[in-house]
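See structure below.
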Amino acid sequence: MAAPILAVRGLSVRYRSKDGETYALDEVSLELAPGGITAVVGESGCGKSTLALAIVGLLPDAAEVLGGTVEYRGRDLLTLPESELRSIRGRRIAVIFQDPVAGLNPVLTVGDQVAEILTAHLRMSRREARRRAVDVLEHVGLPDPERIARAYPFQLSGGMCQRVMIAIATALDPEILIADEPTSALDVTVQAQILREIERLRRERGMAVLLITHDFGVVAQMADEVSVMYAGRIVERGRVDTLMKRPRHPYAYALLSTLPGANRPDRPLPSIPGSPPELSERAVHCPFVPRCWKALARCRTEPPPHFAHAGPGHEVACYNPVWHGDDASSSASQSSGER
Ligand code: ADP
Numbered sequence: 002m003a004a005p006i007l008a009v010r011g012l013s014v015r016y017r018s019k020d021g022e023t024y025a026l027d028e029v030s031l032e033l034a035p036g037g038i039t040a041v042v043g044e045s046g047c048g049k050s051t052l053a054l055a056i057v058g059l060l061p062d063a064a065e066v067l068g069g070t071v072e073y074r075g076r077d078l079l080t081l082p083e084s085e086l087r088s089i090r091g092r093r094i095a096v097i098f099q100d101p102v103a104g105l106n107p108v109l110t111v112g113d114q115v116a117e118i119l120t121a122h123l124r125m126s127r128r129e130a131r132r133r134a135v136d137v138l139e140h141v142g143l144p145d146p147e148r149i150a151r152a153y154p155f156q157l158s159g160g161m162c163q164r165v166m167i168a169i170a171t172a173l174d175p176e177i178l179i180a181d182e183p184t185s186a187l188d189v190t191v192q193a194q195i196l197r198e199i200e201r202l203r204r205e206r207g208m209a210v211l212l213i214t215h216d217f218g219v220v221a222q223m224a225d226e227v228s229v230m231y232a233g234r235i236v237e238r239g240r241v242d243t244l245m246k247r248p249r250h251p252y253a254y255a256l257l258s259t260l261p262g263a264n265r266p267d268r269p270l271p272s273i274p275g276s277p278p279e280l281s282e283r284a285v286h287c288p289f290v291p292r293c294w295k296a297l298a299r300c301r302t303e304p305p306p307h308f309a310h311a312g313p314g315h316e317v318a319c320y321n322p323v324w325h326g327d328d329a330s331s332s333a334s335q336s337s338g339e340r
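Residue numbers (the numbering used here): 2 to 340.
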């Protein structure tokens with residue numbers, strides 16, 4: 002991959018609350034290629050949103066970064082003063098979240114909210130910003146942008162609000178867009194439109210996108226690279242086509258087998274039994290063991306495995322990965338499975 006535009010290395014985050022501690026991220030590493038779409042996929046509670054928030058410095062007070070770096074253009078965002086971070090966030094790195102309505106200010110018109118971003122970051126009069134806001138709204142495919150600029154968020158549908166959020170996020174031409182479950186709150190047709198919009202912006206503006214989702218269907222449609230996350234750890238990563246064709250980690254395999262139309266005779270289940278662990282302690286062994294049908298004795302007794310080669314541009318952290326009948330080097334896969 003070309004030199005990454007963003008590199009997360011060894012990031013660990015813990016939440017503290019009156020109920021105890023949650024180890025939400027455990028040594029997470031991830032790279033974003035310029036102009037590429039990298040997906041992070043995993044069930045709810047695996048740490049995906051924590052990762053997005055940590056990257057842009059928006060973790061709540063209850064969170065503590067235990068270690069790691071987030072490198073952007075040679076600087077570690079985790080060590081930047083808030084003022085510098087604020088100007089990078091918004092201008093260079095933009096974020097959109099799952100609930101667009103919550104992300105918008107209910108008492109300001111949509112046009113004023115877009116204009117506010119423009120005047121805050123660019124030298125532009127309010128009048129000029131209001132005019133530009135209409136162009137910005139038009140650019141994300143909103144019909145009748147002048148009317149929408151005058152509307153309040155509650156007057157718009159969820160899909161339209163998400164387009165407005167995308168318009169606000171991308172108004173300043175960021176290099177990176179972090180999209181945390183951007184379509185999960187929307188119905189299927191609108192979901193597809195919003196994903197197409199993100200893809201178009203990436204193509205036209207060369208934005209790199211970090212796409213966070215629980216849905217491998219979205220990954221297949223959008224991403225070039227994917228990292229599969231489980232219990233605060235990345236357990237497998239690779240190119241989307243390769244990983245989806247030959248998932249190696251039992252968790253990735255099981256997640257993929259829940260996709261409609263998946264034909265995975267090894268595990269023909271509609272959902273993965275059990276649920277992700279509580280994360281109240283740092284994982285001492287592989288956290289997937291209680292749900293894993295391939296677990297070996299060492300999975301229960303040894304520290305979680307490091308990444309190992311699983312194919313070209315494809316790595317897995319598993320002592321006993323899944324291998325596939327059509328693997329070109331099935332014997333090699335077998336022996337790596339018995340590491
Ligand atoms: P995902 O985005 O994959 O659903 P999250 O990053 O939201 O996962 O959550 C990861 C873990 O951190 C979960 O166990 C969740 O309960 C916990 N968590 C998230 N936010 C907080 C918080 N503000 N305080 C305490 N625990 C939290």
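By construction, the Cβ of each residue, glycine as well, lies at the ideal position given by its N, Cα and C atoms. Note that the structure is a prediction, hence the values are computed from the model and not measured.
Beta-carbon separation (whole angstroms), residue i vs residue j, contact threshold 8 Å
i    : j    : result
A53  : V96  : 7 Å
S18  : A63  : 6 Å
P313 : A284 : The pair is not a contact, with the Cβ atoms about 28 Å apart (cut-off 8 Å).
V14  : A25  : 5 Å
A318 : E237 : 7 Å
I273 : R301 : Actually they are not in contact, since the Cβ atoms of I273 and R301 sit about 19 Å apart, beyond 8 Å.
E65  : S281 : About 15 Å separates the two Cβ atoms, so there is no contact after all.
I149 : I94  : Actually they do not touch by this definition, with Cβ atoms about 26 Å apart.
R90  : V57  : 5 Å
R247 : D328 : 7 Å
T243 : V42  : That pair is no contact at about 15 Å.
V71  : L60  : About 11 Å; that fails the 8 Å criterion.
Residue span of the alpha helix (DSSP H) that contains residue i, given as start and end
i    : result
H310 : Taken as a continuous stretch (DSSP letters only), H310 belongs to no alpha helix (DSSP H), being part of the beta strand (DSSP E) at A309 to G312.
D113 : V111 to H122
M230 : Note, M230: premise wrong, no alpha helix (DSSP H); beta strand (DSSP E) at E226 to Y231.
D243 : Looking at the sequence shown, residue 243 is not Asp but Thr. Where T243 is concerned, the enclosing alpha helix (DSSP H) stretches over V241 to K246.
E200 : V189 to R206
R10  : Segment L7 to S18 is the beta strand (DSSP E) holding R10; no alpha helix (DSSP H) there.
A40  : Careful: A40 lies outside any alpha helix (DSSP H), inside the beta strand (DSSP E) at I38 to V42.
V220 : F217 to M223
V323 : From DSSP, V323 is part of no alpha helix (DSSP H); its letter is neither H nor E.
V165 : G159 to T171
Buried/exposed call for residue i, threshold 16 Cβ in 10 Å
i    : result
P324 : Note on residue identity: the sequence assigns Trp, not Pro, to residue 324. When all chains shown are included, W324 counts as buried.
F289 : buried
V220 : buried
S336 : Any reading at S336 needs caution, since the residue's pLDDT is 42, under 50, leaving its predicted position unreliable; the model's value is listed next. S336 comes out exposed.
G218 : exposed
P269 : With a pLDDT of only 44 at P269, under the threshold of 50, the placement of this residue in the model should not be trusted; the figure read from the coordinates follows. Per the 10 Å Cβ criterion, exposed.
P82  : exposed
F155 : exposed
H307 : exposed
A311 : buried
R197 : exposed
A298 : exposed
D181 : buried
P322 : buried
S276 : exposed
V108 : exposed
H250 : buried
E147 : exposed
T190 : exposed
T51  : buried
S258 : buried
S126 : exposed
R74  : exposed
S45  : exposed
Extent of the continuous beta strand (DSSP E) run through residue i
i    : result
I179 : I177 to D181
L52  : First-last for L52: K49 to I56, but that is the alpha helix (DSSP H), not the beta strand (DSSP E).
Y24  : G21 to L33
T214 : A209 to T214
E316 : H315 to V317
Closer than 8 Å to chain B by CB, residue i
i   : result
L31 : Checking the listed chains, one finds no chain B in this structure; it contains a single protein chain.
- Query: Pairing CB atoms from the segment 169 to 179 with CB atoms from the segment 115 to 124, are three or more of them under 8 Å?
  - Reply: yes
- Three or more beta-carbon pairs under 8 Å between the segment 152 to 162 and the segment 134 to 142, yes or no? no
- Query: What are the uninterrupted segments assigned as alpha helix (DSSP H) that are 4 or more residues long and contained completely in the segment 66 to 154, given in chain order?
  - Reply: 83 to 92, 101 to 104, 111 to 122, 127 to 140 and 146 to 151
- Can we say the segment 26 to 45 touches the segment 7 to 15, given the rule of at least three CB pairs closer than 8 Å? yes
- Message: Whether or not the segment 31 to 41 and the segment 83 to 91 are in contact is what I'm after, with contact meaning three or more pairs of Cβ atoms, one per stretch, closer than 8 Å; do they touch?
- Response: no
- Message: So, does the segment 171 to 180 touch the segment 190 to 208, judging by three or more C-beta pairs under 8 Å?
- Response: yes
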